[in-house]
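S.K.:
Residue numbers (our numbering): 107 to 374.
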């Protein structure tokens, strides 16, 4: 059986510090873009710690949201922190959904598909479980040109560690992190009236400690890369990233733009 995700997902609280707080900012923009219909029963596939699910559950057009994620730790976190009768969470695989055909009015996937080795299979599953006339919508970070924090980290690492270039290339060249890649995947899945756009938020940190502690955790591509480093290289990287964060000014708050590509399509 193939691996369904390359994302290292072990700690719900750690993911919240690194990415969950930004997922919550992105979620309302994706919901607005998707144009959810009244009375909707919705799937959030790859729900993580429940950021998008919670926003959807607050939408007056939504009756119920089912959040599914491969990580038991993330599902547990979501159940603890998104206590509403309009949302339920369960462990599941976006490429092998347990639901019958046409089960949902709409299906969403936010910040997930770039980590799925078989993204076409995932998109086909989202289409399969969505009724005719319903929509499938997703967002993925523009890691090459729209995610400053990501480039700060990996561009700095590549200066001191030849192996970092491989990690950077993997992060920046995934097809699902490109607008054209999303359009092609939606079209291959048989979705119609495909539309795309971009969504931009600000990632705001209170200090370099806030910035680095969110990176130096147990989850995601940063943790996967940092685990490969010797202690001295890791310390050098920390110091260089700190210099980039400070950019010649005293430590304190910083705000970085973060842009995601978004796509929606209708099930014929």
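Note that beta-carbon positions come from the ideal geometry of N, C-alpha and C, so glycine has one too.
1) Identify every run of the beta strand (DSSP E) within the segment 180–248, keeping only runs that are complete inside it and at least 3 residues long; order them along the chain.
2) Work out the CA separation of residue 244 and residue 370 for me, nearest whole Å.
3) I'd like the list of long-range same chain contacts for residue 270, defined as Cβ closer than 8 Å, with 5 residues on each side in sequence excluded.
4) Can you name, in chain order, every residue of its own chain whose Cβ lies under 8 Å from the Cβ of residue 239, other than the five neighbours on each side?
5) In this structure, what does DSSP give as the bridge partners for residue 326?
6) Under 8 Å by Cβ, that's how I've got residue 156 and residue 173 pegged, so tell me the actual separation to the nearest angstrom.
7) Can you give the beta carbon distance from residue 132 to residue 291, rounded, assuming they're within the 8 Å contact cut?
8) Just curious, the beta strand (DSSP E) that residue 305 is in, first and last residue?
9) Could you tell me whether the Cβ atoms of residue 148 and residue 211 are closer together than 8 Å?
10) Taking the alpha carbon of residue 283 as the reference point, which residue from 194, 368, 196 has its own alpha carbon closest?
11) Between residue 364 and the rest of its own chain, which residues show a CB-CB distance below 6 Å, the 5 nearest in sequence each way excluded?
12) Counting pairs of Cβ atoms below 8 Å between the segment 214–222 and the segment 180–188, do you hit three or more?
13) Pull the bridge partners of residue 174 from the DSSP assignment, please.
14) State the Cα-Cα distance for the pair residue 233 and residue 353, rounded to the nearest angstrom.
15) According to DSSP, simplified to helix, strand and coil, what is residue 104?
16) Secondary structure at residue 342, three-state DSSP: helix, strand or coil?
17) Would you please verify whether the beta carbon of residue 127 is less than 8 Å from any beta carbon of chain D?
18) I need the DSSP call for residue 284, collapsed to helix, strand or coil.
19) Determine the extent of the alpha helix (DSSP H) in which residue 129 is found, giving its start and end residues.
20) Which of helix, strand or coil does DSSP assign to residue 335?
21) Under 6 Å Cβ to Cβ from residue 298, same chain only, skipping five residues before and after it: list those, please.
22) If we call anything under 8 Å between Cβ atoms a contact, is residue 203 one with residue 235?
23) Within a Cβ cutoff of 7 Å, which residues of the same chain sit near residue 107, ignoring the five residues on either side of it in sequence?
24) Classify residue 107 as helix, strand or coil using the three-state DSSP reduction.
25) What did DSSP end up calling residue 122 once you bin it into helix, strand or coil?
26) Let me check understanding here. Comparing Cα to Cα, which of 171, 257, 295 lies closest to residue 231?
27) Counting only the same chain and skipping the five closest in sequence on each side, list residues whose C-beta sits under 8 Å from that of residue 162.
M.R.: Let me lay it out:
1) 193–197, 210–216, 236–247
2) 7 Å
3) 260, 263, 264, 331
4) 372, 373
5) Note: residue 326 sits in no beta bridge, so no partner.
6) 6 Å
7) In fact, because the Cβ distance is near 19 Å, the residues do not count as touching under 8 Å.
8) 298–311
9) yes
10) 368
11) 253, 307, 309
12) no
13) 151, 196
14) 46 Å
15) Since the first and last residues shown for the chain are 107 and 374, residue 104 lies out of range.
16) helix
17) Considering every chain present, this structure includes no chain D. It has just one protein chain.
18) coil
19) 127–140
20) coil
21) 372, 374
22) yes
23) Residue confidence for residue 107 is low, a pLDDT of 37 falling below 50, so the modelled location carries little weight; the figure read from the coordinates is stated next. For residue 107, where only same-chain residues beyond five positions count, there are no Cβ hits under 7 Å.
24) With a pLDDT of only 37 at residue 107, under 50, the local geometry of the prediction cannot be trusted, and no value is derived from it.
25) helix
26) 295
27) 133, 137, 142, 148, 150, 168, 171, 193, 214
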